[in-house]
Each structure stands twice: as structure tokens, then as C-alpha cells.
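As C-alpha cells, the structure follows; a few thoughts come after it.
In our numbering, the protein residues as written are 1 to 370.
Set out below in C-alpha cells:
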């Protein structure tokens, strides 16, 4: 009986110990949970992160300024090149032919100008000669008019003398004939002068026409000069060099390809100025300021943390600059939290080996300064 009683007491003691132990464990778990929540809230209050972030960098599109045939290519995909390094070369033979053709066309138009100038000079000389001839005819006409005036007086005198039988019939007829000749000479001189003046006006009209043609020809020459200058410039664009240090990507050209001006041939990605474009929610940016420290995790390197600083905050949301921005003035409106791009620069020694690549996914965490 005593043994049964002792066994019951032991069981009660064990149950009590289990309850106490369970209570202690629960209390410890509760304390740990509360502490975890507290520290998590505290951490989140001073650490703002997003997984909508990617690495960006300077990408230089390589294109030719002149059309032509690719003669040589000196680089390959993913090759590192230095600024000023020769990338490819265009065959200069075709461009040299275009320069020669443009030069010949220009010289031909200049020859036409010389011909027009000679025509203008000849026409002006003819005008001067015609004016001199007109002056001579005018002087002769004045003399013939004086002779006509005298012949008219002689005619009147002869008529009066004939009425008085004071002159012979022969002398009278000579006076009449002299008067008619004087009239004919004055008329002939007037016609000659009119013809010369008409010739002068004709030559002047020809000069104006030639000068207008010369003006048009000079305009055409300017166009031909522009064509020649373009051909010469294109002839100097046969060699394409790297605009910056970086890696060759998107190479889409081979030797022998016919390319056009402005056609993208390859791209150079510079890794010296890579940065992070992080799209934070607008509700996260209340305390964010340029210069704040940033810790970054890159998916490609899970065991490494990169450091940097907030460089700037974009002056608008991503939606505001989209191709088709939202039109909220019509239809039903559903409020959506907007995202604002934040530019984050890596610290100078954060990526000394340039392992980061444009387009990689990043999880940046901005450390808020208290």
C-alpha cells in the first residue's frame, strides 16, 4: 500500500516538473519570438531593401558614319579593348571612287561657269560696241538733220526764184533732189539708230539671262562641293576605333558585309562605371537621401556583399516616363504603389576585378542613418 502511494507521489512530481519545464520552454520561445520580432522591426526601420534592382552601365553602340564594305575586323565577341583601339576597317577603294566622281562632277560644273562668264564678257563687249555705234549714228544724224534744214531753206529759195524766173529749171530740180536726199538720209540714220538700240537691249537681256544662269550654276556648284566634302569625310571614316575601355558585345558584322551609315555593328560595355538602378516603392523613400550607405547582394555571387552609396533619386516614377503612361482620369481607378528609380554607385574598391555584369539582379539594402 505504501509502495503504491509512493508511486503516485512520484508521478505527480514528474507531471509537475514537466509542466514547469514546458512553461519555461514556452516562456523562452515567447521571449525569443518577441525579441526576434522586435529586432526585425528595428532592423527594417533602418534597412530598406528591394529585389527590383539591376546593374546598369555605359553601353556604346558602334556604327559607321559611312557606307561601304567591311575589309578587316580586329576584335571578337567578349574581347576587352582599350579606348582608341582599332575595331574594324572599311574598304577605302569604293569611297575613293566616290571622291573622284564627286570631284569630276564639280569640275564639270565649274567649266560651265567659265563658259557662262565668257558669254557674259562677249555680250558686254557687244553692248559697248553697239553703244559706241549708236553714239556715232546720233552724231551723224545731227549732221544730216542740219543738212536737211539747209536743204529745206534751199528748196524754199529755189521755189521763190523759180516763180520770178530768176533761176534755171535745172538748179531748181537740183535743190529739190538735194532736199529729198537729205530727208532720206535722216530717215535712214534714225532707222540705223533704232536698230542699234534694239541690239543693245537684246544684248542686255542676254546678259541678265546669263547672270541668272550663272547664279543657278553657282548654287549647283555649292551642292556639288557639299557632295565632294561628304565623300571626302566618308573616305576618312574607314577606320572605327573604340570610344572607351570595355568588352565587345552584340557583334553582328563579318568581313565582306556591306554596311550602311548608322547601322549598329557591335557594342562596347564599359564596366568602370557600372551602377545599380533600384526601383523602390514610394512608401520606402521617406528617409532616403543621397550619400547613404548601401549593402548589396548579387544573385550571381550569393556569398559576397558589395557596398556603395545612394547617388541620386529620380525626379519621377517609372510609370511617369513609360511609353504609355496611365490615364487615371477615365474609368475606374485602382491605386497602385508606384516605384521610383534610385541610382546607387558602388564603392571604388567594391569590384576591383570587374566581376559584375550589366543586367545582373541585385538586392540592395539602404542603411538609414539615425
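Just so it is clear, CB atoms sit at the ideal spot from N, CA and C, and this is done for glycine as well.
Worksheet item: Between residue 435 and residue 95, which are expected to be in contact by the criterion C-beta below 8 Å, what is the C-beta distance as a whole number of angstroms?
Response: With the chain covering 1 to 370 only, the question about residue 435 has no answer from this structure.
Worksheet item: Which first and last residues belong to the beta strand (DSSP E) in which residue 87 is found?
Response: 86-90
Worksheet item: How would you write the range of the beta strand (DSSP E) that residue 412 sits in, first residue to last?
Response: Any answer about residue 412 is impossible in this case: the structure gives the chain only from 1 up to 370.
Worksheet item: Just checking my contact of residue 53 with residue 290 at CB under 8 Å: how many whole Å lie between their CB atoms?
Response: That belief does not hold up - the Cβ atoms of residue 53 and residue 290 are roughly 17 Å apart, past 8 Å.
Worksheet entry | residue 72, enclosing beta strand (DSSP E) - first and last residue | Boundaries of the beta strand (DSSP E) harbouring residue 72: 68-73, taken from the DSSP string.
Practice prompt. Go ahead and label residue 359 buried or exposed: buried means 16 or more other beta carbons lie within 10 angstroms of its beta carbon, across all protein chains shown.
Written response: Its Cβ having fewer than 16 others within 10 Å, residue 359 is exposed.
Worksheet entry | Segment limits, beta strand (DSSP E) that includes residue 237 | Here residue 237 belongs to no beta strand (DSSP E), and DSSP marks it neither H nor E.
Worksheet item: Rounded to a whole number of angstroms, what is the C-alpha to C-alpha distance between residue 149 and residue 197?
Response: Using only the alpha carbons, I get a separation of about 25 Å.
Item to complete: Check the DSSP bridge columns for residue 346 and list the partner residues they point to.
Response: 308
Worksheet item: Roughly how many whole angstroms lie between the Cα atoms of residue 173 and residue 160?
Response: 13 Å
Discussion item. On a Cα-Cα basis, can you pick out the residue from 240, 315, 300 and 183 that is closest to residue 374?
Written reply: No statement about residue 374 is possible, as the shown extent of the chain runs from 1 to 370 and does not include it.
Fill in: DSSP state of residue 300 mapped onto helix, strand, coil
coil
Worksheet item: What residues are listed by DSSP as bridge partners for residue 247?
Response: 80 and 269
Worksheet item: Helix, strand or coil: how does DSSP classify residue 258 here?
Response: strand
Discussion item. If distances are taken between C-alpha atoms only, which option among 306, 232, 335 and 275 comes closest to residue 65?
Written reply: 232
Worksheet item: For the region 91-109 against the region 286-301, are there 3 or more C-beta pairs whose distance is under 8 Å?
Response: no
Practice prompt. Leaving aside the five residues before and after residue 269 along the sequence, list all residues of the same chain whose C-beta is less than 7 Å from its C-beta, in chain order.
Written response: 57, 59, 246, 247, 249 and 358
Worksheet item: Distance, Cα to Cα, residue 55 vs residue 324?
Response: 25 Å
Worksheet item: For residue 218, does the count of other Cβ atoms within 10 angstroms reach 16, so buried, or fall short, so exposed?
Response: The residue is exposed, with fewer than 16 neighbouring Cβ atoms inside 10 Å.
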